[in-house]
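Colleague: This is the structure, below, for whatever I ask next.
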Amino acid sequence: MAGADGDNQIGPFGRIKLDGIYSDWASGHHLNPRLLAFELAATLNTLAPLDQPIQPLHASVFSDGRSDRNIQITHGALADYFIAASNGRVATTISTGSGPIPAANVLIWRKWIERLVDEATARTELAAGFAQPANDSVSFSMAVNGSAASSHAPRPLIPSNSSIVLKAQQAQSRREGEKSACEQLDEHQVARERAEQKLVELSAQLETKTAQNQQLMGELELQRRELNDERRARREAEDESIRMEEQLEQVMGLAEFMNQDNQLSPPDGRLIVECWCDVTPNGTAAPTVGWSATVNKWFKARGVTLPAVKVRLFVTALTGAGRKKGGAIARSNNKG
93 MAGADGDNQI
103 GPFGRIKLDG
113 IYSDWASGHH
123 LNPRLLAFEL
133 AATLNTLAPL
143 DQPIQPLHAS
153 VFSDGRSDRN
163 IQITHGALAD
173 YFIAASNGRV
183 ATTISTGSGP
193 IPAANVLIWR
203 KWIERLVDEA
213 TARTELAAGF
223 AQPANDSVSF
233 SMAVNGSAAS
243 SHAPRPLIPS
253 NSSIVLKAQQ
263 AQSRREGEKS
273 ACEQLDEHQV
283 ARERAEQKLV
293 ELSAQLETKT
303 AQNQQLMGEL
313 ELQRRELNDE
323 RRARREAEDE
333 SIRMEEQLEQ
343 VMGLAEFMNQ
353 DNQLSPPDGR
363 LIVECWCDVT
373 PNGTAAPTVG
383 WSATVNKWFK
393 ARGVTLPAVK
403 VRLFVTALTG
413 AGRKKGGAIA
423 RSNNKG
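Note that this note's numbering has the sequence shown beginning at 93, numbered continuously upward.
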């Protein structure tokens, strides 16, 4: 959209007066302003329902320097305003819910109307391109500037809502959609390839971590077994130490039992132990003859003759014959 005619056309906050838009086109736009007004009205008709109010930011009524938001302007009223302009009758007022309002009191957001004018311009040029051959510059000049040499008759333009224009617009939209779809497909393909590459990298990392975890688990299992073996060996060593301590206690007790200086050591007990060690080679073999004869022989070798009662006492102490069930040595003694 061409620039304004100076400060008279510019309202507050980058707005333009409604009655200055058409005059702007007449002085600065390359298209015929009547044709452009018609296409702008057609564009407005496609934006929203005709009875829907335009946002106050885009179109509002100003009076005494203030915006009156109670007065609403519909899309249909603004389209009617430009339809009248396309017929060569630029209206001085616009219809609102509160009645006609001077067009000079209506301010339009410049960027919003410029976007719509750009769309209408593209529609007009597309229609003009289908209305005459490509080398017919004179007819196109008529559509653009509204003037041409009188010797060339102007060709009628095809309305923008005709079937051929609509089909062309549909084809163009389809091409743009296909192009957009292809671009999206390429983007999806690239994204998929990146995702697959990332998946390969993550899989490799997972395999490495799995191998490391397996190795770590193996090392932990080996350490666990070694620790169990160490605990078992320590436990066995403790048991052996306890057994040796018990044996040592027995040996120490036997030593005191055999200690002649110990007042509690019985003389007969010392003789019994001494006899047992001699006749059994320290408990490794039983006597070859009966225990009674063995005991008598052992004492006689020391010049002592024991009475029969004392011999039986020694035999009983050495073989345990006094128990209900004697061992093999006791039975051997009875046979003697």
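Here a beta-carbon is modelled for each residue, glycine too, at the ideal position from N, C-alpha and C.
What distance in whole Å lies between the Cβ atoms of leucine 170 and isoleucine 146, which are believed to be in contact at a cut-off of 8 Å?
Modeller: So it is a contact: roughly 7 Å between Cβ atoms.
Colleague: Return helix, strand or coil for proline 359, following the three-state DSSP convention.
Modeller: helix
Colleague: In the DSSP assignment, what residue or residues form a beta bridge with isoleucine 205?
Modeller: According to DSSP, which records beta bridges pairwise, isoleucine 205 is partnered with nothing at all.
Colleague: Could you check where the beta strand (DSSP E) with aspartate 353 kicks off and where it finishes?
Modeller: Note, aspartate 353: premise wrong, no beta strand (DSSP E); not H, not E.
Colleague: Terminal residues of the continuous beta strand (DSSP E) containing isoleucine 113?
Modeller: Boundaries for isoleucine 113: no beta strand (DSSP E) harbours it, while the alpha helix (DSSP H) harbouring it runs 113-120, taken from the DSSP string.
Colleague: For my contact list, valine 387 and cysteine 369 are in at a C-beta cut-off of 8 Å; report their separation, rounded to the angstrom.
Modeller: Between cysteine 369 and valine 387 the Cβ distance is about 13 Å, and since that is not below 8 Å, they are no contact.
Colleague: Rounded to a whole number of angstroms, what is the C-alpha to C-alpha distance between leucine 410 and serine 357?
Modeller: Per the coordinates, the alpha-carbon of leucine 410 lies some 18 Å from the alpha-carbon of serine 357.
Colleague: Should histidine 280 be labelled buried (16 or more other beta-carbon atoms within 10 Å of its own) or exposed?
Modeller: exposed
Colleague: If you draw a straight line from the C-alpha of aspartate 360 to the C-alpha of arginine 324, how long is it?
Modeller: 46 Å
Colleague: Would you kindly report the start and end of the unbroken alpha helix (DSSP H) that includes alanine 134?
Modeller: 125-139
Colleague: Here's the rule I'm using: 16 or more other beta-carbon atoms within 10 Å means buried, otherwise exposed. How should asparagine 124 be labelled?
Modeller: buried
Colleague: Skipping 5 residues on each side, what residues in its chain have a beta carbon closer than 6 Å to that of histidine 150?
Modeller: Trp201, Trp204, listed in sequence order.
Colleague: Quick check on the DSSP output: what are the complete alpha helix (DSSP H) runs of length 4 or more inside the stretch 144-183, in order along the chain?
Modeller: 167-178
Colleague: Please report how far the alpha carbon of alanine 400 lies from the alpha carbon of alanine 329, in whole angstroms.
Modeller: Going by the C-alpha atoms only, they are around 49 Å apart.
Colleague: Assuming arginine 107 is part of the beta strand (DSSP E), what are its boundary residues?
Modeller: 107-109
Colleague: Helix, strand or coil for valine 371 per DSSP?
Modeller: helix
Colleague: Can you tell which of Gly269, Lys109, Ser272, Leu218 has its C-alpha closest to the C-alpha of proline 194?
Modeller: Lys109
Colleague: From isoleucine 334 to glutamate 341, what distance separates their C-alpha atoms?
Modeller: 10 Å
Colleague: The alpha helix (DSSP H) that contains leucine 405, what's its start and end?
Modeller: 400-411
Colleague: Please state if the CB of threonine 135 and the CB of alanine 219 are separated by a distance shorter than 8 Å.
Modeller: No, these two residues do not count as a Cβ contact at 8 Å.
Colleague: In whole angstroms, what is the alpha-carbon distance linking glycine 106 and lysine 271?
Modeller: If I take the Cα positions, the gap works out to 36 Å.
Colleague: Below 8 Å on the Cβ atoms is my guess for proline 148 versus serine 159; work out the distance and round it to an integer in Å.
Modeller: Contact between proline 148 and serine 159 is confirmed by a C-beta separation of about 7 Å, below the 8 Å threshold.
Colleague: In three-state DSSP terms, what is leucine 199?
Modeller: strand
Colleague: Can you tell which of Asp172, Glu299, Gly191, Gly189 has the C-alpha that lies nearest to the C-alpha of valine 182?
Modeller: Asp172
Colleague: Look at the alpha carbon of methionine 336 and the alpha carbon of valine 403, and state the distance between them as a whole number of angstroms.
Modeller: 35 Å
Colleague: So who's on the other strand from threonine 185, going by DSSP bridges?
Modeller: Pro194
Colleague: Nearest-angstrom Cα distance between threonine 216 and glutamate 131?
Modeller: 7 Å
Colleague: With 16 as the cutoff for other CB atoms within 10 Å, does serine 295 come out buried or exposed?
Modeller: Its Cβ having fewer than 16 others within 10 Å, serine 295 is exposed.
Colleague: Tell me the DSSP secondary structure of arginine 324 in three-state form.
Modeller: helix
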